[in-house]
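The sequence shown begins at 1 in the numbering used here and counts up by one. Virtual Cβ for every residue (Gly too), placed ideally from N, Cα, C.
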Amino acid sequence: MARVAEAFMEKMRLYAPLSAEDMVWFAHHGEFSSPDAFGAPETFTRVEMVFREGRFHDDLSGHHLLTPDEVRDHVAPLQLHPAPEVLTELQSARI
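Written as structure tokens, this is what we have:
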């Protein structure tokens, strides 16, 4: 997950000031995650990562399973746009 976070930050810093220390990371898994995950339940994981020496670091002790309601509580204040809408905008911006 740390390398994914680094790749995200590298791309998005071109468009917005982001602080690695202030980021909160979630992983969303389910039937859509891979071809062999048919029937897999939808799960969410909050991933705590430490940013030191210019890199993200994580291990399984920082992974916390969340219910869909807990995820909604975390992200509701952010007033996020639906993922398909954001992906379309990113594609238009050639990100």
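Take every Cβ of the segment 48–67, pair it with every Cβ of the segment 19–38, and state whether three or more of those distances are shorter than 8 Å.
-> yes
Going by alpha carbons, who is nearest to Gly39 out of His29, Gln79 and Thr88?
-> His29
Mind checking which residues open and close the alpha helix (DSSP H) that includes Val24?
-> It is not in any alpha helix (DSSP H) - Val24 carries neither H nor E in the DSSP assignment.
Can at least three beta-carbon pairs, one atom from the segment 64–76 and one from the segment 6–17, be found at a separation below 8 Å?
-> no
Identify the residues that DSSP records as bridge partners of Leu65: which are they?
-> Thr45
May I ask you to check if the CB of Glu70 is nearer than 7 Å to at least one heavy atom of the ligand NAD?
-> Among the components of this structure there are no ligands whatsoever, and the ligand NAD is therefore not found.
For my contact list, Met9 and Met49 are in at a C-beta cut-off of 8 Å; report their separation, rounded to the angstrom.
-> With a Cβ gap of about 11 Å, Met9 and Met49 do not count as contacting.
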